[in-house]
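Undergrad: Sequential numbering of the sequence shown, starting at 242, is according to our numbering.
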Amino acid sequence: MKLIPFASLLLFAASPAFAQLVSEDFETGNTHDWGVEFGAPGAHFTTGGNPDGRIEISVANTASVLPAAMIVPGAAGHPWSGNFRTLGAASFSFDREVTAGSSNFGTLPFLVIANDGGTRTDFADDAWAFVYTGDNFQFGPSPWTTVTTQIPSSALSLPPNWDAVALPGSSLAGADPGVIWNSVIQDVSYIGIAMGRPFNGGAWFGSHVINFDNFVLEGAAVVANNYCGPAVANSSGLPGTMSALGSSTVGVNNLVLVASDLPANQFGIFVTSMTQAFVPGGAGTSNGNICLGGVIGRFNRTGEILATGTGGTFALATDLTSIPQGNGAVSVMAGETWNFQAWHRDSVGLGSNFTDGLEITFN
Ligand SMILES: [Ca+2]
Ligand SMILES: [Ca+2]
242 MKLIPFASLL LFAASPAFAQ LVSEDFETGN THDWGVEFGA PGAHFTTGGN PDGRIEISVA
302 NTASVLPAAM IVPGAAGHPW SGNFRTLGAA SFSFDREVTA GSSNFGTLPF LVIANDGGTR
362 TDFADDAWAF VYTGDNFQFG PSPWTTVTTQ IPSSALSLPP NWDAVALPGS SLAGADPGVI
422 WNSVIQDVSY IGIAMGRPFN GGAWFGSHVI NFDNFVLEGA AVVANNYCGP AVANSSGLPG
482 TMSALGSSTV GVNNLVLVAS DLPANQFGIF VTSMTQAFVP GGAGTSNGNI CLGGVIGRFN
542 RTGEILATGT GGTFALATDL TSIPQGNGAV SVMAGETWNF QAWHRDSVGL GSNFTDGLEI
602 TFN
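Following this line, the structure appears as structure tokens:
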């Protein structure tokens with residue numbers, strides 16, 4: 242995960258700060274199991290992309306029944322979901338290359354934001370908000386192009402150029418498009434790239450072979466200060482880095498801690514304190530430096546022990562009313578400043594390391 246350095250953003254406080262909420266670059270696999278629904282299957286390639294891994298999708302008009310073929314994440318518990326309004330979702334982008342296309346009309350890809358109605362494999366109870374991406378898969382090959390679509394997640398009514406449809410089995414069936422938008426954006430089950438208008442008037446023409454890569458959902462980054470860094474490089478060769486997504490407003494209670502650039506397939510936890518410190522080498526206990534002092538709480542309760550996976554990153558959706566501290570848990574109060582760090586196992590040296598520290602002042 243590549244994140245914007247927060248320190249530089251603080252110099253431009255008037256500019257909105259954005260960071261990746263989630264991404265898929267297909268470098269080490271199709272982590273979120275992206276593939277085509279409502280159409281022909283896709284294939285995953287580990288080389289020859291933009292760069293390296295990519296996913297190839299074939300669609301043909303012989304399959305042109307509605308809804309349009311849509312590339313969606315298939316893995317259970319994939320992260321392309323949630324309350325996009327409180328996450329501050331701002332845009333979705335992808336890279337694509339057309340290697341073969343037989344349509345003189347072109348195919349218009351749409352961004353779809355979907356609520357699956359509770360049954361993931363049945364689109365008949367889905368509700369979708371969608372918008373034309375501005376791209377066009379035209380006749381013949383087309384080189385790699387980055388396509389970015391804005392997601393006005395804070396809009397309380399249907400944004401311009403967007404449309405919304407609730408299928409007959411959805412609890413939103415018959416509702417006004419603005420109502421559907423407002424409901425879907427706060428309860429997103431998946432994101433899709435539809436090969437044409439996804440429903441009610443949509444179609445695509447001809448057949449295409451399209452390579453996709455570098456999916457990125459961007460959102461508002463929490464304004465925070467990294468300190469005590471860079472961390473001591475871990476066995477990935479990089480210093481582990483902290484960031485946060487969501488909101489630093491206590492009342493919203495939607496703070497997601499993220500640790501990046503960690504070694505793959507290791508366990509770790511987040512730790513926190515209201516006091517900063519700098520203890521090199523953890524006083525002889527770790528490869529890395531402890532950036533916390535005073536009372537240090539460990540997020541090691543049920544569900545809080547995390548794994549870095551193949552991507553070398555982990556994240557935790559915190560509950561600001563239950564921050565571990567000493568003999569129990571406390572609530573964060575507006576005006577308080579808290580510091581966070583990730584502590585993880587590593588297969589070298591003393592067997593553990595730390596990220597840098599992250600200081601967040603809550604409001
Ligand atoms: Ca790639
Ligand atoms: Ca469904």
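We treat Cβ as the ideally placed atom computed from N, Cα and C, and that holds for glycine.
Could you tell me the distance, in whole angstroms, from the CA atom of N495 to the CA atom of D560?
TA: Cα to Cα, the separation comes out at about 7 Å.
Undergrad: Does the Cβ of M574 have 16 or more other Cβ atoms within 10 Å, making it buried, or fewer, making it exposed?
TA: It is exposed - the Cβ of M574 has fewer than 16 other Cβ atoms within 10 Å.
Undergrad: Output the distance between the C-alpha atoms of N377 and N466, rounded to the nearest integer angstrom.
TA: Whole-angstrom Cα-Cα distance: 41 Å.
Undergrad: Locate the alpha helix (DSSP H) running through R326, then write down its first and last residues.
TA: Residues F325 to L328.
Undergrad: Where does N271 sit, in a helix, a strand or coil, going by DSSP?
TA: Coil, per DSSP.
Undergrad: Please tell me whether, using a cut-off of 7 Å, the distance from the CB of D274 to the nearest non-hydrogen atom of ligand 1 is below it.
TA: No, the beta carbon of D274 sits no closer than 7 Å to any heavy atom of ligand 1.
Undergrad: Tell me which residues share the same chain as G289 and place their Cβ nearer than 8 Å to its Cβ, disregarding the 5 neighbours each side in the sequence.
TA: The answer, listed in chain order, is R295.
Undergrad: Any chance the CB of N619 is under 7 Å from a heavy atom of ligand 1?
TA: Nothing in the structure corresponds to residue 619, since the chain is present only between 242 and 604.
Undergrad: Taking G342 as the reference, give the member of G276, N452 and N423 with the closest Cα.
TA: For G342, the nearest C-alpha among the options comes from N452.
Undergrad: Does the Cβ of F364 lie closer than 7 Å to at least one heavy atom of ligand 2?
TA: Flag set: Cβ of F364 near ligand 2.
Undergrad: Quick check: is any heavy atom of ligand 2 less than 7 Å from the C-beta of T360?
TA: Flag set: Cβ of T360 near ligand 2.
Undergrad: Would you call the stretch 355-370 and the stretch 471-489 in contact, with 3 or more CB pairs under 8 Å?
TA: Contact between the stretch 355-370 and the stretch 471-489 is absent, because fewer than three Cβ pairs lie under 8 Å.
Undergrad: So what does DSSP say about A304, is it helix, strand or coil?
TA: With a pLDDT of only 47 at A304, under the threshold of 50, the placement of this residue in the model should not be trusted, and no figure is reported.
Undergrad: With C-beta atoms as the reference, is T516 less than 8 Å away from G535?
TA: For T516 and G535, yes; Cβs fall inside 8 Å.
Undergrad: Nearer than 7 Å: is that true of the beta carbon of D428 relative to any heavy atom of ligand 2?
TA: No, the beta carbon of D428 sits no closer than 7 Å to any heavy atom of ligand 2.
Undergrad: Can you tell which of P308, D357 and T387 has its C-alpha closest to the C-alpha of F335?
TA: Here the closest residue by C-alpha is T387.
Undergrad: CB-CB under 6 Å to G470, same chain, minus the five flanking residues each way: which ones, in chain order?
TA: D597.
Undergrad: For D367, count neighbouring Cβ atoms within 10 angstroms of its own Cβ and tell me buried if that reaches 16, exposed if not.
TA: Result: buried.
Undergrad: Going by Cα to Cα distance, which pick from Y373, S299, S412 and A472 is closest to G402?
TA: The sequence given here places Asn at residue 402; Gly does not occur at that position. Cα-wise, what sits closest to N402 is Y373.
Undergrad: Going by CA-CA distance only, name the one from G437, P565, E459 and S501 that's closest to A301.
TA: Here the closest residue by C-alpha is G437.
Undergrad: With the cut-off set at 8 Å, would you say N506 and S593 are in Cβ contact?
TA: It is not a contact, given that the beta carbons lie outside the stated cut-off.
Undergrad: Assuming contact is defined by CB atoms lying nearer than 8 Å, are F371 and F351 in contact in what I supplied?
TA: A contact, by the Cβ cut-off of 8 Å.
Undergrad: Taking the alpha carbon of L399 as the point to measure from, which residue in V425, G375, T390 and F380 has its own alpha carbon closest?
TA: If we check each option's Cα against that of L399, V425 comes out closest.
Undergrad: How about D502 and S430: are their beta carbons less than 8 Å apart?
TA: No, they are not a contact pair.
Undergrad: If we count the other Cβ atoms within 10 Å of its Cβ and call it buried at 16 or more, is T549 buried or exposed?
TA: Classification for T549: buried.
Undergrad: Just reading off the beta strand (DSSP E) that G290 is part of, what are its end residues?
TA: G283 to G290 is the extent of the beta strand (DSSP E) around G290.
Undergrad: Here's a check: name, in chain order, each residue in its chain whose Cβ is nearer than 7 Å to the Cβ of G433, leaving out the five neighbours to either side.
TA: The residues are M311, I312, V313, V353 and A355.
Undergrad: Would you list the residues sitting across from I298 in a DSSP beta bridge?
TA: Note: I298 sits in a beta bridge opposite G283 and I451.
Undergrad: Please state the DSSP three-state secondary structure of A518.
TA: In this structure, A518 counts as strand in the three-state DSSP scheme.
Undergrad: With burial defined as no fewer than 16 other Cβ atoms inside 10 Å of the residue's Cβ, what is the status of R206: buried or exposed?
TA: Absent from the model: residue 206. The displayed extent of the chain is 242 to 604, so no value can be given.
Undergrad: How far does the beta strand (DSSP E) with S501 in it reach, from first residue to last?
TA: Counting along the chain, the beta strand (DSSP E) containing S501 begins and ends at L496 to S501.
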